[in-house]
Amino acid sequence: MKSHRKELWFELPGRRGFVNITPDVEQALAESGIEEGLCLVNAMHITASVFINDDERGLLADYERWLEQLAPHEPLTRYDHNKTGEDNGDAHHKRQIMGREVVVAVTAGRLDFGPWERIFYGEFDGGRKKRVLVKLIGE
Amino acid sequence: MKSHRKELWFELPGRRGFVNITPDVEQALAESGIEEGLCLVNAMHITASVFINDDERGLLADYERWLEQLAPHEPLTRYDHNKTGEDNGDAHHKRQIMGREVVVAVTAGRLDFGPWERIFYGEFDGGRKKRVLVKLIGE
Amino acid sequence: MKSHRKELWFELPGRRGFVNITPDVEQALAESGIEEGLCLVNAMHITASVFINDDERGLLADYERWLEQLAPHEPLTRYDHNKTGEDNGDAHHKRQIMGREVVVAVTAGRLDFGPWERIFYGEFDGGRKKRVLVKLIGE
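Chains as they are written, first to last, in our numbering: chain A, -13 to 125; chain B, -13 to 125; chain C, -13 to 125.
Here it is in structure tokens:
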């Protein structure tokens, strides 16, 4: 069994944003030499997500608005978590909706994707350096 | 390490619906000959889900109503994504709530399930052919 | 390829609660002898979750309130599922928001975590014995 590990680093300027990281994951897969297996991609931070959906600008704007409705950033007093001195209570909730991780099949050395599947990093508490982990196992 | 790949195809007549695909996944597992490992089951489309819950008709009706409250299909103008000419903006949101994939343990050649766990395909933009991927790795 | 399986058992006194199970998963990993691989941790019940977030009391209280807003326990008649005689329709919904499972990378014999990642069992229909499955594969 082979395994391969790679960290992807991000520093988004604003509080929130989405980044298509599919090419980075494909590169990690190429480095691994794995032909058949599984590829885990997860946020290493608890105020960020990794998810799979469509790379369409309107949709990403829709997600932004919808997540803000489901878990508004303000008022900060909405969240007990913010009593710790943080202002990111909402980010911990948005991340639960969008998810921590994806697991993608590797077949014949490629990410085994449907036609529109793309991997995204979802940032909900940006302005600092944060990481995504790519872990591949297989043969 | 062994691996096995199988696609399951669906064409649900209506816009939305749920299908218990546990027997199909069990069959893919039997074909694989794998005794110990992991089984990934994921929607290959970004307006559909794979999830695990109870095969109880009332619950599935509850999910349908709840998802429509959280991300209504109409008005279509609610979603920037629909400016592309699509009418499935809601489906991309419903899918995030229910999830893209499940990973199931394989133990002694069986899906290692609690008593009520069943795998479902959740369709949120039906009326056309769509796929689920089953990928097994193990020994 | 090695594999290891362990069940964790819980009986929470109230209807709902969160338990940090990271030490239990670390112990299962140590027992496995696996250095490189993947660790699946999933609820075996469909009214419970396994998720990764911060072990901060305020945040867990926020989740409790937020989930009750998104899928209230009462009125029981809100859920067709409760016509079966159950009163846990809400629990099946809360579990979908928080998720069934996590997959964690194993690197150099450790859970490959960011600084604040902790694994939680989320109970939404307690007062009885329930299980979590830990399944490890790797080398």
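Cβ atoms here follow ideal geometry from the backbone N, Cα and C, with glycine treated the same way. Note that the coordinates shown come from a computational prediction; the quantities given were computed from them, not determined experimentally.
Check residue i in the structure and name its three-state DSSP category.
i, result
"A94(C)", "coil"
"H31(A)", "coil"
"E17(B)", "helix"
"N68(C)", "helix"
"R86(C)", "coil"
"G3(A)", "strand"
"R114(A)", "coil"
"E147(C)", "This structure leaves residue 147(C) out entirely; chain C is present only between -13 and 125."
"G44(A)", "helix"
"E(-7)(B)", "strand"
"L62(B)", "helix"
"E22(B)", "coil"
"G124(C)", "strand"
"G108(A)", "strand"
Excluding the 5 residues flanking residue i on each side, which residues of the same chain have their C-beta closer than 7 Å to its C-beta?
i, result
"L46(C)", "F4"
"I32(B)", "H78, R81"
"E50(C)", "R2"
"D73(B)", "L62"
"E42(B)", "none"
"A94(B)", "E21"
"W(-5)(A)", "K115, R117"
"E54(A)", "none"
Residues in the same chain with beta-carbon distance under 8 Å from residue i, minus the five sequence neighbours each way, listed in chain order, please.
i, result
"M30(A)", "E(-7), K116, R117, V118, L119"
"E205(C)", "Because chain C spans -13 through 125 in this model, residue 205(C) falls outside it and cannot be assessed."
"I(-12)(B)", "Sequence check: residue -12(B) is Lys here, not Ile. Within the same chain, K(-12)(B) has close Cβ partners S18, G19, I20, G23, L122, I123, G124, E125."
"L56(C)", "H79, K80, I83"
"D40(B)", "W102, R104"
Once the 5 residues before and after residue i are set aside, which same chain residues still bring their CB inside 6 Å of it?
i, result
"G85(B)", "S35, F37"
"A91(B)", "D98"
"R(-9)(B)", "K121"
"G0(A)", "G112"
"R13(C)", "Note on identity: in this sequence residue 13(C) is Gln, with Arg being the wrong assignment. Excluding positions up to five away in sequence, the list is empty."
Return the Cβ separation of residue i and residue j in integer angstroms, given the expectation that the two are a contact with Cβ distance under 8 Å.
i, j, result
"E22(C)", "E103(C)", "Contact flag wrong, Cβ pair sits at about 19 Å."
"D48(A)", "H59(A)", "Contact flag wrong, Cβ pair sits at about 17 Å."
"L15(A)", "G112(A)", "Contact flag wrong, Cβ pair sits at about 26 Å."
"V89(C)", "V89(B)", "6 Å"
"K69(C)", "G44(B)", "5 Å"
Residue i CB to nearest chain D CB: under 8 Å?
i, result
"I105(C)", "In the structure shown, chain D does not exist; the protein chains are A, B and C."
| request: Determine which residues of the segment -8 to 26 of chain A have a Cβ less than 9 Å from any Cβ of chain C, and write them out in chain order. | output: L24, L26
| Are the segment 89 to 109 of chain C and the segment 58 to 71 of chain B touching by the rule of at least three beta carbon pairs closer than 8 Å? | no
| task | Would you list, in chain order, the members of the segment 25 to 40 of chain C that have their beta-carbon closer than 8 Å to a beta-carbon of chain A? | result | F37, I38, N39, D40
| said: Measuring CB atoms only, is the segment 106 to 115 of chain A touching the segment -1 to 18 of chain A, in the sense that at least three cross pairs come out at less than 8 Å? | reply: yes
| request: Identify each residue in the segment 42 to 56 of chain B for which the Cβ-Cβ distance to at least one residue of chain C is less than 7 Å, and report them in chain order. | output: E42, G44, L45, A47, D48, W52
| Any residues in the segment 93 to 125 of chain A with a beta carbon nearer than 7 Å to a beta carbon of chain C? Which ones, in chain order? | R117, L119, K121, I123
| Which residues, in order along the segment 77 to 92 of chain B, keep a beta-carbon less than 9 Å from a beta-carbon of chain C? | Taken in chain order, the members of the segment 77 to 92 of chain B whose beta-carbon sits within less than 9 Å of a beta-carbon on chain C are I83, M84, G85, V88, V89, V90, A91, V92.
| request: Please name the residues in the segment 64 to 75 of chain C whose beta-carbon is closer than 7 Å to at least one beta-carbon of chain B, in chain order. | output: Y65, D66, H67, K69, T70, G75
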